[in-house]
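A.B. asks: Taking the UniProt record's numbering, the leading residue of the sequence shown gets 1, the next gets one more, and so forth. The beta carbon of each residue, even a glycine, is placed where N, CA and C say it ideally should be.
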Amino acid sequence: MSAQRRLTKEYIQYKKTSPTSNNPQILLLAPLQDDDLYHWRALIAKPSKQDSQWYYNGEWTLDITVPPTYPQQPPTIKYITPIIHPNVDLKLGEICLDILKSQWSPAWNLESLVVAILQLMDHPEPDSPLNIDAANLYRADKLGFESLVQFHIWQTCNFYKGDTERFTTTKRGLTKCDKRGFMVTRDVSGVRLVNLTEA
Numbered sequence: 001m002s003a004q005r006r007l008t009k010e011y012i013q014y015k016k017t018s019p020t021s022n023n024p025q026i027l028l029l030a031p032l033q034d035d036d037l038y039h040w041r042a043l044i045a046k047p048s049k050q051d052s053q054w055y056y057n058g059e060w061t062l063d064i065t066v067p068p069t070y071p072q073q074p075p076t077i078k079y080i081t082p083i084i085h086p087n088v089d090l091k092l093g094e095i096c097l098d099i100l101k102s103q104w105s106p107a108w109n110l111e112s113l114v115v116a117i118l119q120l121m122d123h124p125e126p127d128s129p130l131n132i133d134a135a136n137l138y139r140a141d142k143l144g145f146e147s148l149v150q151f152h153i154w155q156t157c158n159f160y161k162g163d164t165e166r167f168t169t170t171k172r173g174l175t176k177c178d179k180r181g182f183m184v185t186r187d188v189s190g191v192r193l194v195n196l197t198e199a
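1) Comparing C-alpha positions only, which one of I12, R139, T8 sits nearest to P71?
2) Expressed to the nearest angstrom, what Euclidean distance is found between the alpha-carbon atoms of R192 and L43?
3) Using the C-alpha atoms, what's the distance from D51 back to R139?
4) Which residue's Cα is closest to the Cα of N22: A135, V114, L97?
5) Using the Cβ count rule (16 or more neighbours within 10 Å means buried), how would you classify S2?
6) Which value, in whole angstroms, describes the spacing of the CA atoms of A30 and K78?
7) Between which two residues does the beta strand (DSSP E) holding Y38 run?
8) How many Å lie between K142 and C157 at the Cα?
9) For L120 versus L100, is the C-beta spacing smaller than 8 Å?
10) Tell whether a beta-carbon distance below 8 Å holds between W104 and P74.
11) Flag this pair as yes or no: are the beta carbons of H39 and I84 separated by less than 8 Å?
12) Going along the chain, which residues of its own chain have a beta-carbon closer than 6 Å to the beta-carbon of P129, five neighbours each way excluded?
13) With 16 other CB atoms within 10 Å as the buried threshold, where does Q150 fall?
14) Between the C-alpha atoms of T20 and V88, what's the straight-line distance to the nearest angstrom?
15) Run the proximity test for E125: is its beta-carbon closer than 7 Å to any non-hydrogen atom belonging to the ligand FAD?
16) To the nearest whole angstrom, what separates the beta carbons of G93 and F159, a pair I think is in contact under 8 Å?
17) When you compare the CB positions of Q25 and K46, do they come within less than 8 Å of one another, or not?
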């Protein structure tokens with residue numbers, strides 16, 4: 001099957017049944033333009049601590065470049081949003097995941113690859129790191145690793161925004177949700193909502 005045919009089939013399937021309905025941590029999986037099925041974006045999230053021990057309250061954008069030899073060859077997937085992870089290059093966004101290299105199979109599709117990346121987030125492989133510092137911290141100090149990840153989510157403002165909420169930073173260094181009238185402060189324990197009248 002040609003790459004164009006396979007990608008068209010996947011795209012039609014995603015339009016019928018959104019990947020979000022199969023996995024709510026996939027907020028978006030779509031080509032950048034309808035007439036170019038070789039370049040996709042995915043938006044993934046870990047909305048709560050139930051979703052991830054390390055990456056809760058964060059969301060990230062992935063860039064997916066599909067080669068003309070797909071599905072015989074895997075796509076290239078990179079994080080656009082910076083992430084602290086043992087298996088992700090912090091500067092380049094490259095991901096060390098065996099199914100994107102030696103363990104690739106044409107049975108994989110774009111949605112299943114995004115699901116595998118979500119699983120890698122929660123189950124780092126510190127023995128094959130692209131970020132040695134993150135791998136060493138993960139091995140030696142899990143609480144320190146969690147704190148660094150949460151600080152980085154806050155520092156880069158890539159926290160989970162929900163379906164309709166969008167956040168802005170106020171002069172007081174807090175983050176305001178315009179829709180519901182709350183101030184949001186963030187720490188390693190997650191999100192604490194404070195009513196604006198109390199702040």
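C.D. replies: Judging by the given coordinates:
1) Taking the sequence shown and counting its residues from 1, the one referred to as residue 71 is at position 71. Of the candidates I12, R139, T8, the one whose C-alpha sits nearest the C-alpha of P71 is T8.
2) The residue you call residue 192 lines up with position 192 of the sequence shown. The residue you call residue 43 lines up with position 43 of the sequence shown. Summary for R192: the model assigns pLDDT 45, below 50, so the residue's position carries little reliability; its value from the coordinates is reported in the next sentence. Answer to the nearest angstrom: the Cα atoms are 24 Å apart.
3) Numbered from its first residue, the sequence shown carries residue 139 at position 139. Numbered from its first residue, the sequence shown carries residue 51 at position 51. Looking at the two C-alpha atoms, the distance is approximately 21 Å.
4) The residue given as residue 22 occupies position 22 in the sequence shown. The shortest Cα separation from N22 among A135, V114, L97 belongs to V114.
5) Locating residue 2 in the sequence shown gives position 2, where the first residue counts as 1. By the 10 Å Cβ count, S2 comes out exposed.
6) Along the sequence shown, read from residue 1 onward, the residue named residue 30 stands at position 30. Along the sequence shown, read from residue 1 onward, the residue named residue 78 stands at position 78. A30 and K78 have their C-alpha atoms some 15 Å from each other.
7) In the sequence shown, residue 38 corresponds to position 38, counting from 1. Per DSSP, Y38 belongs to the beta strand (DSSP E) from 36-46.
8) Residue numbering aside, residue 142 sits at position 142 when the sequence shown is read from its first letter. Residue numbering aside, residue 157 sits at position 157 when the sequence shown is read from its first letter. Between K142 and C157, the C-alpha separation is close to 22 Å.
9) Position 120 of the sequence shown, counting from 1, holds the residue named residue 120. Position 100 of the sequence shown, counting from 1, holds the residue named residue 100. It is not a contact, given that the beta carbons lie outside the stated cut-off.
10) In the sequence shown, counting from the first residue as 1, residue 104 sits at position 104. In the sequence shown, counting from the first residue as 1, residue 74 sits at position 74. Contact flag set, yes.
11) Translated into the one-based positions of the sequence shown, residue 39 becomes position 39. Translated into the one-based positions of the sequence shown, residue 84 becomes position 84. In this structure, H39 keeps its C-beta atom at 8 Å or more from the C-beta atom of I84.
12) The residue given as residue 129 occupies position 129 in the sequence shown. Hits under 6 Å: P86, A135.
13) Translated into the one-based positions of the sequence shown, residue 150 becomes position 150. Under this definition Q150 is a buried residue.
14) Walking along the sequence shown from the start, residue 20 turns up at place 20. Walking along the sequence shown from the start, residue 88 turns up at place 88. For T20 and V88, the distance between alpha carbons rounds to 24 Å.
15) The ligand FAD is not among the ligands present in this structure, which contains no ligands whatsoever.
16) Within the sequence shown, numbered from 1, the residue matching residue 93 stands at position 93. Within the sequence shown, numbered from 1, the residue matching residue 159 stands at position 159. The pair is not a contact, with the Cβ atoms about 18 Å apart (cut-off 8 Å).
17) Translated into the one-based positions of the sequence shown, residue 25 becomes position 25. Translated into the one-based positions of the sequence shown, residue 46 becomes position 46. Contact flag set, yes.
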